[in-house]
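Here is the structure we will look at, set down as structure tokens.
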Amino acid sequence: MTTIMHPRLAATLVSLAVAGSLLVAPVAFATDMGADVDYDLVFPVDGEHHFSDTFWAGRSHGFHVGQDIMADKMTPVVAAADGVVRLVNWTAEPHMNPSRCCTLVIRHDDGWESWYIHLDNDTTGTDDGKGWGIKRAITPGVRVVAGQHIAWVGDSGNAEGTAPHLHYELRNPDGVVVNAYSSLVVAGGNDVGSGPRDPLVGGSRVLKSGVDGADVRVLQNLLDGLGYDLGRIDGFFGSKTDAAVRRFQSSVGMTVDGLVGRETKTALSGLSRGSADSEVLLIGSRGDPVRELQRGLNDLGFDAGRADGVFGPITLRAVLEFQRANSLWVDGLVGPRTRAALLVK
Ligand SMILES: [Zn+2]
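Position in the sequence shown (from 1) plus 195 gives the number in the numbering used here.
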């Protein structure tokens, strides 16, 4: 059911970074907290819900690490993958500590884990904290299969007084919380996100010599896509990356300082978007991907005109209608989200 290194990992990175070709080292990549992964999972909330990318969202206690999936109390929660229940209410003991209701940790067969937090702890129809929103059979050591009903959405723990939701964490075998957002979208979640995600421009930190991380890898991929020689794409901002950044800054007439702040990020991102092998389709794009897009839209009843492989005004109108109908960001750009929505339909 699940794999540690999913072949689509690289594809997701490409589309998120809006970059060209990629050479990713998935093992190293997956160890970064908040790294985007493409992990095969079953969407963990089985009922009406909505979510947007809340990883790194500001919270009173710092930054949010995980994804909040909003849903009514008592909406069924299902196992995201095959595995074994490791902790119930933070314990592997049989008594399961009812005062700490209700959380579940399930270890998948590949060593990754799903953490389900804020599960229901109320008697139905109340907020009394006396309920038990985990199925009785779900106890430490019990085997579950992907899609199996294990619990119910609630507002327990530090979510009391907030809108009920499932706080979902996907952890890699090192215990590092990765960003499950893309995987949840691919799994068919009702994503109502507020705009196309860009892990480089979206990140606020300034990248410079000596830093490493997922955002550096995105940067390297963008530079690589523009033809700069970086040697290895390893997520470390070393001398070659520094040299490439400086050459890039010089070529576009920016201050040459080797610092990748918002200005340089935006310039890089804009250029990559316009490059021939860009994953984002927009008005003016041509070729087979456009033809596929047009066929997909036509099949779904959004009139994209003749599937001629030219993204013109009729195709644009169809894309806008499709985005509106699917609660996507209505921008006429066919990036990862719109693509995912087209695929799941
Ligand atoms: Zn949360």
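No residue lacks a Cβ here, since even glycine has one placed at the ideal position from N, Cα and C.
So, G352 versus D317, is the Cβ gap smaller than 8 Å? The answer is no: Cβ separation not under 8 Å.
Please report how far the alpha carbon of V514 lies from the alpha carbon of L299, in whole angstroms. So the alpha carbons of these two residues sit roughly 40 Å apart.
Quick check: the Cα distance between G229 and V373, rounded to an integer number of angstroms? Approximately 4 Å, taken between the alpha carbons.
Does the distance between the C-beta of D386 and the nearest non-hydrogen atom of ligand 2 fall short of 7 Å? Of the ligands this structure carries, namely ligand 1, none is ligand 2.
In three-state terms, what does DSSP make of G278? G278 carries a strand assignment under DSSP once its states are collapsed to helix, strand and coil.
Beta-carbon within less than 6 Å of T286's beta-carbon, same chain only, minus the 5 sequence neighbours each way: which residues are those? The answer, listed in chain order, is N292.
Is the beta carbon of D263 within less than 7 Å of some heavy atom of ligand 1? Yes, the beta carbon of D263 sits closer than 7 Å to at least one heavy atom of ligand 1.
Out of D483, R302, T510, I509, which has the shortest C-alpha to C-alpha gap to S367? Residue 367 is actually Asn in this sequence, not Ser. For the set D483, R302, T510, I509, the Cα lying nearest the Cα of N367 is the one of R302.
Using the rule of at least 16 other Cβ atoms within 10 Å of the residue's Cβ for burial, across every protein chain shown, is V240 buried or exposed? By the neighbour-count rule (16 or more Cβ atoms within 10 Å), V240 is buried.
Per DSSP, what kind of secondary structure is I301 in: helix, strand or coil? Here I301 sits in strand by DSSP.
Reducing DSSP to helix, strand and coil, say where P335 ends up. Judged by DSSP in its simplified three-state form, P335 adopts coil rather than helix or strand.
If I measure Cβ to Cβ from P508 and keep anything under 8 Å in the same chain, skipping five residues before and after, which residues do I get? So the list reads I478, once near-sequence residues are dropped.
Alpha carbon to alpha carbon, how far is L418 from M449? The straight-line gap from Cα to Cα measures roughly 16 Å.
So L425 and A439 are supposed to be a Cβ contact under 8 Å. How far apart are they, rounded? With a contact defined as Cβ atoms closer than 8 Å, L425 and A439 qualify at about 6 Å.
Taking the continuous alpha helix (DSSP H) assigned at S446, which residues delimit it? From DSSP, the alpha helix (DSSP H) with S446 extends over 434-446.
Where G496 falls, given that 16 or more other Cβ within 10 Å makes a residue buried: Result: exposed.
Based on the DSSP secondary-structure assignment, which residues constitute the bridge partners of E271? Strictly speaking, residue 271 in this sequence is Pro, with Glu absent from that position. DSSP output for P271 lists W347 as bridge partner(s).
Count the other C-beta atoms from every protein chain shown that fall within 10 angstroms of the C-beta of V447, then say buried if there are 16 or more, exposed otherwise. By the neighbour-count rule (16 or more Cβ atoms within 10 Å), V447 is not buried but exposed.
Please look up how many angstroms separate the CB atoms of A266 and L361, rounded, as I've assumed it's under 8 Å. So it is a contact: roughly 7 Å between Cβ atoms.
Suppose you measure from the CA of D369 to the CA of L476; what does that come to, to the nearest Å? Rounded to the nearest angstrom, the two C-alpha atoms are 36 Å apart.
For V273, which residues in the same chain have their Cβ closer than 7 Å to its Cβ, ignoring the five residues on either side in sequence? V237, P239, D241, G342, Q343, H344, I345, listed in sequence order.
Based on Cα-Cα distance, which residue from K403, F250, H245, V340 lies nearest to R278? Checking the sequence, you will find Gly at residue 278 rather than Arg. The residue among K403, F250, H245, V340 with its C-alpha nearest the C-alpha of G278 is V340.
7 Å Cβ shell around G324 - same chain, five flanking residues per side excluded: Close CB contacts of G324 within its chain, under the 7 Å cut and outside five residues either way in sequence, are with N316, D317 (chain order).
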